[in-house]
Every structure is written in structure tokens, then in C-alpha cells.
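Heads up: the protein sequence lines correspond to chains C and H, in order. FYI, our numbering numbers position 402 of the first sequence as 633, with every residue one higher than the one before it. FYI, our numbering numbers position 356 of the second sequence as 358, with every residue one higher than the one before it. Built from N, CA and C at the ideal position, the CB exists for glycine as well. Predicted model, so just to flag it, every value in this text is computed and none were measured. What follows is a single structure, written as C-alpha cells, with notes after it.
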Amino acid sequence: MAAIQPSPSSNDLQPPYTRTTPLSWVLQNLFNNWYNTVFTLFFGVILSYAAYRGLRFFFVTARWEIVETNLTNLMVGQFPRNELERVWAALFLLGGSGGFIAGQAKQLSTQDPTSPPPSPGREQILDFVRRAWPFTILVLFLLRLSRSTTIMLLILALVALTGAGRLIGARIPGASPKRITIFALATACATLLLLLFNGPPSQEWGGLLLTVFLSTVSILASFPLGILLALGRRSSLPAIRFVCVGYIEVIRGVPLITLLLLSTILKLFLPPNSFDPNDITRAAVVLALFTAAYVAEIMRGGFQAIPQGQIEAAQALGLVPIQTIRLIGLPQAIRKVVPALVGQFISLLKDTSLVSIIGLSDILKVSRSFTSQDDFVGKGLTAETLAAACLVYWALCFTMSKESKRLEERLGVGER
Amino acid sequence: MRKRQRVKRIGALFLLFSLVFTACSDDDDQSNGAQPQNGNQDQADSTLKEVKRKGKLTCGTEGSVPGFSTVNSDGDHEGFDVDFCKAIAAAVLGDPEKVEYRELTASNRFTLLQASEVDVLIRNTTWTAKRDGAESGNFAATTFYDSQGIMVHTGEFKTVEDLDNSSICLISGTTTEANIAAYFAAKNLKFDPRSYENSDSAQEAFQSGSCDAWSADRSRLVGVQKNWLPEPGALTILDDVLSKEPLGPVTRDGDTQWSDIVNWVVFATINAEELGITQENVDDMIAGSKDSEVQRFLGVEVDGTIFNPKLGLPTDFNAQVIRAVGNYSEIYKRNIGHSGLERGLNNLWTAEPRGLLYSPPYI
Numbered sequence: 232m233a234a235i236q237p238s239p240s241s242n243d244l245q246p247p248y249t250r251t252t253p254l255s256w257v258l259q260n261l262f263n264n265w266y267n268t269v270f271t272l273f274f275g276v277i278l279s280y281a282a283y284r285g286l287r288f289f290f291v292t293a294r295w296e297i298v299e300t301n302l303t304n305l306m307v308g309q310f311p312r313n314e315l316e317r318v319w320a321a322l323f324l325l326g327g328s329g330g331f332i333a334g335q336a337k338q339l340s341t342q343d344p345t346s347p348p349p350s351p352g353r354e355q356i357l358d359f360v361r362r363a364w365p366f367t368i369l370v371l372f373l374l375r376l377s378r379s380t381t382i383m384l385l386i387l388a389l390v391a392l393t394g395a396g397r398l399i400g401a402r403i404p405g406a407s408p409k410r411i412t413i414f415a416l417a418t419a420c421a422t423l424l425l426l427l428f429n430g431p432p433s434q435e436w437g438g439l440l441l442t443v444f445l446s447t448v449s450i451l452a453s454f455p456l457g458i459l460l461a462l463g464r465r466s467s468l469p470a471i472r473f474v475c476v477g478y479i480e481v482i483r484g485v486p487l488i489t490l491l492l493l494s495t496i497l498k499l500f501l502p503p504n505s506f507d508p509n510d511i512t513r514a515a516v517v518l519a520l521f522t523a524a525y526v527a528e529i530m531r532g533g534f535q536a537i538p539q540g541q542i543e544a545a546q547a548l549g550l551v552p553i554q555t556i557r558l559i560g561l562p563q564a565i566r567k568v569v570p571a572l573v574g575q576f577i578s579l580l581k582d583t584s585l586v587s588i589i590g591l592s593d594i595l596k597v598s599r600s601f602t603s604q605d606d607f608v609g610k611g612l613t614a615e616t617l618a619a620a621c622l623v624y625w626a627l628c629f630t631m632s633k634e635s636k637r638l639e640e641r642l643g644v645g646e647r
Numbered sequence: 003m004r005k006r007q008r009v010k011r012i013g014a015l016f017l018l019f020s021l022v023f024t025a026c027s028d029d030d031d032q033s034n035g036a037q038p039q040n041g042n043q044d045q046a047d048s049t050l051k052e053v054k055r056k057g058k059l060t061c062g063t064e065g066s067v068p069g070f071s072t073v074n075s076d077g078d079h080e081g082f083d084v085d086f087c088k089a090i091a092a093a094v095l096g097d098p099e100k101v102e103y104r105e106l107t108a109s110n111r112f113t114l115l116q117a118s119e120v121d122v123l124i125r126n127t128t129w130t131a132k133r134d135g136a137e138s139g140n141f142a143a144t145t146f147y148d149s150q151g152i153m154v155h156t157g158e159f160k161t162v163e164d165l166d167n168s169s170i171c172l173i174s175g176t177t178t179e180a181n182i183a184a185y186f187a188a189k190n191l192k193f194d195p196r197s198y199e200n201s202d203s204a205q206e207a208f209q210s211g212s213c214d215a216w217s218a219d220r221s222r223l224v225g226v227q228k229n230w231l232p233e234p235g236a237l238t239i240l241d242d243v244l245s246k247e248p249l250g251p252v253t254r255d256g257d258t259q260w261s262d263i264v265n266w267v268v269f270a271t272i273n274a275e276e277l278g279i280t281q282e283n284v285d286d287m288i289a290g291s292k293d294s295e296v297q298r299f300l301g302v303e304v305d306g307t308i309f310n311p312k313l314g315l316p317t318d319f320n321a322q323v324i325r326a327v328g329n330y331s332e333i334y335k336r337n338i339g340h341s342g343l344e345r346g347l348n349n350l351w352t353a354e355p356r357g358l359l360y361s362p363p364y365i
């Protein structure tokens with residue numbers, strides 16, 4: 232350490248400071264010789280034309296009435312309209328407790344002596360903007376289409392509630408990972424209860440609600456399952472190893488569509504009148520089982536990257552195998568595979584659009600059905616409906632990827 | 003030596019596995035052949051029971067065929083096919099809203115019907131021999147006689163002969179493609195098929211001028227022709243009829259009681275039109291009609307007896323159906339008529355001009 236401490240004279244050795252103005256940057260990087268100039272002009276023209284057409288479509292030529300009329304469809308599909316309060320209630324619950332959890336997590340990280348000191352307020356706001364802009368664009372787009380004061384007020388209330396939750400979470404002392412976990416679990420249960428208890432059957436779910444539900448459930452279920460499979464594959468007991476390898480290779484060797492289709496004819500393989508889950512449950516289970524196989528391989532990579540010395544040190548300290556995995560193996564493995572893991576989950580989110588082939592109305596399927604409505608049939612509005620679906624997917628996936636990047640920075644991935 | 007043993011062991015394991023797998027697949031083969039009968043013997047006469055137990059009818063529809071099955075902005079299913087789902091629910095359960103809709107694709111509809119995932123399939127399904135036989139479907143009375151036609155922009159093409167060497171928009175993987183190829187081959191004409199994944203994309207391609215003509219079900223073509231915004235009359239449908247497309251509800255093979263029920267629900271709408279019973283006057287008819295045929299049809303008590311054909315349905319099921327969705331002509335007007343499509347073949351046989359709709363007597 233001492234060797235790289237700056238010596239008093241190192242100031243003199245710093246590289247010369249050059250001021251980069253935007254113009255000088257452009258000249259240096261885009262027009263520094265004749266062929267770069269040609270490339271810049273060529274691609275500049277193509278890109279600006281594409282951008283022009285795209286923006287013009289979005290702001291001028293697109294006839295958004297079709298999405299406007301079907302906004303509720305896009306969000307919740309066939310969810311009974313007289314039960315929409317349930318969805319709002321669930322949103323408020325999620326917003327409030329999500330804020331609370333964020334606040335508690337913030338408190339935890341400030342208690343942690345190794346974390347950087349809290350940044351000033353302006354920095355925090357900037358930081359929030361950097362995090363939330365894709366999602367904000369989506370919300371603004373939807374608000375512009377809905378043109379309803381009630382919904383605007385509800386969204387504002389939701390944002391306010393989330394903020395309040397965060398403030399409260401940061402103020403209530405005694406934050407601990409355990410408490411956060413319990414609270415998150417309770418929220419999840421309460422949300423499901425709100426949506427399901429005595430309400431419309433889940434077969435009537437659709438649109439964004441279904442997409443988010445399917446991907447959340449399968450992400451949450453596939454993660455622990457994948458870790459178990461990865462551990463099983465590395466187990467020294469042949470029976471366990473054999474089962475895990477078999478599972479992973481069979482599932483990875485079959486396309487997701489095939490598994491989804493198989494799940495629909497499940498009834499033919501089960502004894503009559505036995506356990507028969509509804510199709511949304513089946514789709515969620517298939518998605519989770521499918522992703523678990525991939526998560527297992529990703530996690531195995533993480534486990535294998537841990538130096539043997541770490542495990543030996545844990546054993547030398549007298550930790551039993553479970554403790555070794557929980558305290559030494561898992562934290563380091565997860566830290567190493569965050570990018571790959573989040574990539575898998577993003578791909579899972581997009582894969583949920585495949586459930587339309589087994590008759591479920593996810594957001595893509597719902598948006599594709601708008602053009603056959605009496606008012607819109609044959610008017611060439613496919614582009615609008617697909618653009619709306621694209622925007623929703625993009626906002627969700629990009630937010631996920633931004634959050635993963637933050638997580639990587641927090642965990643210091645790639646710094647060692 | 004040890005290595006060799008290991009190889010042997012692995013070999014044995016593989017053998018075991020392949021045995022298990024073949025055993026499984028043998029099983030499957032047998033069950034594939036035998037299951038429809040077996041399964042249905044178990045389930046014989048039980049679709050009705052199952053529907054009553056669930057308290058709702060699971061109806062397989064398409065979800066995005068204008069006029070036949072669409073989802074409106076309130077998330078409700080509506081359309082010609084959907085009305086027949088509602089009619090069956092009204093007849094069996096007394097409530098047209100007790101239907102769960104499953105949106106099926108052209109390729110998975112029969113699989114899901116076989117797997118008892120849907121109780122009845124009302125999804126623009128053309129009655130063909132293969133579907134009746136190999137795919138183990140059982141077709142009820144035809145609800146809509148469609149046919150395949152060709153639409154062009156008015157002017158350039160007047161007959162199908164003018165379309166020689168032209169490009170035609172189609173939906174891939176449907177009978178449409180085979181029909182038009184056969185038709186053109188018979189006339190010794192050539193064409194360039196442009197296949198699209200669904201009818202929306204095919205339609206947009208045609209409208210944007212990517213192809214000279216568009217071939218699809220005439221019901222669809224007429225709907226587009228009449229609603230064509232820039233100027234009505236800019237599109238022409240050629241007179242050629244490329245195929246017969248009788249569309250109707252499908253049930254599983256082997257459940258005769260359930261097929262009878264679906265049949266007689268369709269006949270109820272046709273009979274009601276013949277008898278002049280509408281959604282509006284059905285209750286007046288029950289209260290006041292002295293016509294014995296009407297009384298029998300609506301399940302009115304005459305001389306202390308109510309006519310009961312023992313179909314497994316309540317005696318007033320016809321009245322329930324008409325109250326829920328109206329007679330055939332009302333269903334037609336509500337869903338398809340406004341597109342300007344003439345009844346044509348879908349007129350009553352007893353009406354003028356004669357169509358193909360003919361119900362056996364309800365005696």
C-alpha cells in the first residue's frame with residue numbers, strides 16, 4: 232500500500248490538463264481524418280433520418296386513440312372493471328412498503344461504516360433522476376394517453392405515498408436485513424391477498440398486470456431453486472449430483488415454448504380429477520422451472536470462481552458446510568454473477584410474452600388484439616399498438632438493468 | 003481395469019435409461035391412440051356435469067377476428083362466435099356471463115379441446131373431414147357459411163385472369179394458401195404469394211400496396227371493403243369463390259350428450275328466427291302466445307305438461323338463449339351485419355332468398 236501512496240512530488244508528474252470543449256471532442260473523435268469524416272457524415276445522416284422518422288411518428292403522425300381507448304386493456308387485460316380498486320390498492324401497498332423498504336435499506340447502508348458518506352441533497356435528486364427516467368417516461372406517456380384527472384391524482388398520490396414511506400423508513404430506527412425481508416414477504420402476501428381474495432379468478436388477469444406478475448413470481452421462485460440446483464450439481468453425493476445435472480440438462484435442452492405447450496396438456500398425464508392448477512399458475516411454474524436451470528448454471532460459475540482457499544479457511548475456522556455456503560460461498564458467488572443473473576431475468580421478462588401461445592393475454596397479446604376491434608379494424612394501427620408495448624417492455628427492462636448496474640457498483644463488482 | 007468397469011457401469015446406466023424412455027414413449031403411443039376413447043369413456047356424458055360443477059363454460063375463441071371474436075376496450079369479449087358461447091352458457095347455466103374465454107391459436111385449438119382445456123371450441127373453425135376424423139373433433143350445426151375470396155384495388159384487375167403474375171397477400175399456414183394455389187393452378191395462372199403471420203399484417207400489407215390483391219375469408223374482406231376510409235368503392239371483391247368454409251362449434255368426439263346440447267343451442271337461434279321470436283318479444287311470447295309451436299319451443303306449460311325433449315337441458319333453455327343473445331338474425335346484425343355483408347348463404351332456408359340455415363323441428 233505504501234508504495235502507491237502519492238509522494239509530495241507526484242503533483243508535478245500529473246498529465247497535462249487539457250480542457251475538452253464539446254467542439255474539440257467532436258473534432259478529435261469524429262472528424263480527425265478523412266475516413267472518419269466520411270463515416271461520421273454517412274452514419275450521421277442515416278441516424279438522424281431514423282431519429283427524425285421515429286420522433287415524428289411518436290409525436291406527430293401516430294394515432295394514439297387506439298391505445299388511448301384500450302389503456303385499461305393494456306394495463307390489466309380482462310380484469311373486471313368494477314374490481315379495478317384492487318389493482319390500485321395493491322399498487323398503493325407496493326408503493327408505500329417499497330418506499331419503506333428503500334428507506335430502511337438506506338438506513339442500513341448509512342450504518343455500514345464502509346459505505347461512502349451520504350451525498351448532498353442535490354446529488355441525491357440527480358441520482359434519482361438518473362435511476363428513474365425510463366420509468367418516468369413510461370408513466371408520462373401513459374398519463375398523456377389517459378387524460379383522466381382521477382388517474383393523474385391517483386398516480387400523484389402513489390408517488391407521494393412512496394416518498395412518505397421512504398422518509399418513514401429512514402426515520403424508524405432498528406433497520407436490519409431480517410426485518411426488511413420479513414416486511415417484503417408480508418407485502419408480497421398482502422398484495423396477492425388484495426388481488427386474489429374473493430376477487431376475480433386469476434384467469435381474467437391480462438396485460439401488464441399478467442406480465443409483471445408472471446415475471447416477478449418466476450424470478451423470485453427460480454432464484455432459490457437455481458441456487459439449490461447449482462449446489463446440487465457441485466455436491467459430492469452422486470445421487471444428488473446426477474438428479475441436478477439431469478434436471479438442468481433436460482430443461483436447458485428443451486425450448487421454452489415446448490414446455491409451455493406441454494403444460495397445457497398436463498391433464499392428459501395426470502390421473503383424472505386430480506390436482507389441476509389454472510393456466511396462469513402453470514405458466515408461472517414452467518417459467519420458474521425453466522429459468523432455474525439457467526440460474527443454476529450461472530450460480531455454478533459464481534461458486535467455481537471462489538478460490539478454494541476461502542472454503543478451506545472457512546473449514547479451518549470450524550464452519551459446518553451449510554455455514555460455509557451461507558456465509559462464505561453465496562455472498563461471493565452472487566456478487567460475481569450479478570450481471571449474468573440480471574441478464575437472465577431480463578430475458579425471462581421478455582420470454583413471458585410466449586405465454587400467449589397457450590392462450591394467456593400478456594401485454595403483447597392484448598396489444599395485438601386492439602386492431603381487430605370494430606372501431607380500429609383495417610386502419611393500419613399495428614405500429615401504434617406495438618410501439619406502446621415496446622415502450623412498456625423497454626421501461627421495465629432498462630430499469631432492471633440500471634438497478635443491476637447500481638447493485639454492481641455497490642457490491643464493487645469488477646473492481647477487483 | 004477399473005476404468006473399464008466404470009465404462010460398463012455407465013453403459014448399463016444408459017441402457018437402463020433408454021429402456022425407461024422407450025417404456026415411456028411406448029406408453030405414450032398407446033395412450034395417444036387409446037386415450038381419446040378411454041378418456042372420453044371416463045368423461046362420457048360428463049362435459050355437461052363438469053360445466054355445471056365449475057359453474058361456468060370454458061369457451062375456446064380466437065380473440066382478434068373482427069365481427070367474430072374481439073375484445074373491446076372494457077376487456078369484454080364480443081362477436082358472432084362469442085355470442086354462441088354466451089348462448090350455450092345461458093342454456094346450460096341460465097347465465098350468459100358465466101363463460102371463461104380462452105384465446106386459442108389455429109395450431110393449438112384441437113390439442114386444447116382434446117385436453118379438456120375448453121368445453122367447446124367456437125373459433126372460426128372450418129368443418130373438414132380431417133378435423134372431424136383424425137383431430138377427433140365433433141362439429142355441431144354450422145353457424146356461418148363463409149368462403150374465400152380475392153379483393154383488389156378497383157380498376158386495374160377485373161377478373162382473376164388479370165391477376166396472372168401478380169402478388170397476393172395471404173396468411174401463412176392456413177387453408178387460404180392451399181386454396182388459392184389450387185385455384186390458380188387450375189386456371190393455369192401464376193402468382194407470387196406474400197405470406198403474413200396474421201390477417202392484420204396481411205391486410206396492412208395490402209392496404210399499403212405491398213401486393214396487388216388480398217385473399218381471405220369473404221366475411222373479412224367485406225368488412226374491410228365497407229369500412230375502407232379513403233373512399234368507399236375503392237376496393238372490389240372478385241366474384242370468384244375459392245372454397246367452402248362452413249364454420250361452426252366443435253366439441254370432443256365421444257360425448258354425444260354435449261354435442262346434442264351445442265347443436266340444439268344453435269338450432270334454437272335458427273328456430274327462433276323462423277318463429278319470429280326476438281330478444282325483445284320473447285317474454286311477451288311466453289306470456290301471451292297461443293301458437294302451440296311457439297309454446298312448445300319456449301317451454302310454456304300447456305294443459306299441465308311442458309314439452310321436454312330430454313336433451314339434458316332445462317325445459318326453458320330456448321327462452322334462455324333468446325333472452326341472452328336473441329335469434330340468429332339478431333346475432334348476425336349485431337356482429338356482422340353492420341359491415342354490410344349480405345346474409346347470402348346464411349339466410350334461412352324458409353326465407354327468401356333461400357339460404358342454407360335449416361333447423362330440424364323442435365318436436
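Rounded to a whole number of angstroms, what is the C-alpha to C-alpha distance between residue i and residue j?
{"i": "Thr422 (chain C)", "j": "Gly330 (chain C)", "result": "15 Å"}
{"i": "Val304 (chain H)", "j": "Gln297 (chain H)", "result": "8 Å"}
{"i": "Lys189 (chain H)", "j": "Phe86 (chain H)", "result": "39 Å"}
{"i": "Arg410 (chain C)", "j": "Asn337 (chain H)", "result": "57 Å"}
{"i": "Gly339 (chain H)", "j": "Ala117 (chain H)", "result": "35 Å"}
{"i": "Ser466 (chain C)", "j": "Arg472 (chain C)", "result": "6 Å"}
{"i": "Ser201 (chain H)", "j": "Ile450 (chain C)", "result": "35 Å"}
Are any of the Cβ atoms in chain H nearer than 7 Å to that of residue i?
{"i": "Ala233 (chain C)", "result": "Legend: pLDDT at Ala233 (chain C) = 47, less than 50; position of this residue unreliable, no value from coordinates given."}
{"i": "Ser600 (chain C)", "result": "yes"}
{"i": "Thr300 (chain C)", "result": "yes"}
{"i": "Asn304 (chain C)", "result": "yes"}
{"i": "Val586 (chain C)", "result": "no"}
{"i": "Gln604 (chain C)", "result": "yes"}
{"i": "Gly611 (chain C)", "result": "yes"}
{"i": "Ile496 (chain C)", "result": "yes"}
{"i": "Arg464 (chain C)", "result": "no"}
{"i": "Gly430 (chain C)", "result": "no"}
Using a Cβ-Cβ cut-off of 7 Å, state whether residue i counts as contacting chain C.
{"i": "Asp219 (chain H)", "result": "no"}
{"i": "Val264 (chain H)", "result": "no"}
{"i": "Leu106 (chain H)", "result": "yes"}
{"i": "Gln209 (chain H)", "result": "yes"}
{"i": "Gly65 (chain H)", "result": "yes"}
{"i": "Ala2 (chain H)", "result": "A question about residue 2 (chain H) goes unanswered here, because the residues of chain H that appear run from 3 up to 365."}
{"i": "Asp76 (chain H)", "result": "yes"}
{"i": "Glu102 (chain H)", "result": "yes"}
Sort out for me which residues DSSP pairs residue i with in a bridge.
{"i": "Tyr103 (chain H)", "result": "H:Cys61"}
{"i": "Trp216 (chain H)", "result": "H:Met153 and H:Cys171"}
{"i": "Val122 (chain H)", "result": "H:Cys61"}
{"i": "His79 (chain H)", "result": "H:Val73"}
{"i": "Tyr147 (chain H)", "result": "H:Pro248"}
{"i": "Asn140 (chain H)", "result": "H:Thr253"}
Check the C-beta distance from residue i over to residue j and give it rounded, since I have them as a contact under 8 Å.
{"i": "Val608 (chain C)", "j": "Pro68 (chain H)", "result": "4 Å"}
{"i": "Ile170 (chain H)", "j": "Pro195 (chain H)", "result": "6 Å"}
{"i": "Ala618 (chain C)", "j": "Ile594 (chain C)", "result": "13 Å between Cβ atoms; not a contact."}
Tell me whether the beta-carbon of residue i lies closer than 7 Å to the beta-carbon of residue j.
{"i": "Leu585 (chain C)", "j": "Ala527 (chain C)", "result": "no"}
{"i": "Tyr330 (chain H)", "j": "Glu247 (chain H)", "result": "no"}
{"i": "Val1 (chain H)", "j": "Ala143 (chain H)", "result": "Outside the shown range of chain H, which is 3 to 365, sits residue 1 (chain H), and nothing can be said about it."}
{"i": "Asp121 (chain H)", "j": "Val53 (chain H)", "result": "yes"}
{"i": "Ala415 (chain C)", "j": "Ile332 (chain C)", "result": "yes"}
{"i": "Ala91 (chain H)", "j": "Leu59 (chain H)", "result": "yes"}
{"i": "Trp260 (chain H)", "j": "Thr253 (chain H)", "result": "yes"}
{"i": "Gln604 (chain C)", "j": "Thr63 (chain H)", "result": "no"}
{"i": "Ile386 (chain C)", "j": "Leu612 (chain C)", "result": "no"}
Taking 6 Å as the cut-off, is the C-beta of residue i nearer than that to any heavy atom in the ligand COA?
{"i": "Ile577 (chain C)", "result": "Inclusion of the ligand COA in the displayed structure is not the case, the ligand content being empty and no account of it being possible."}
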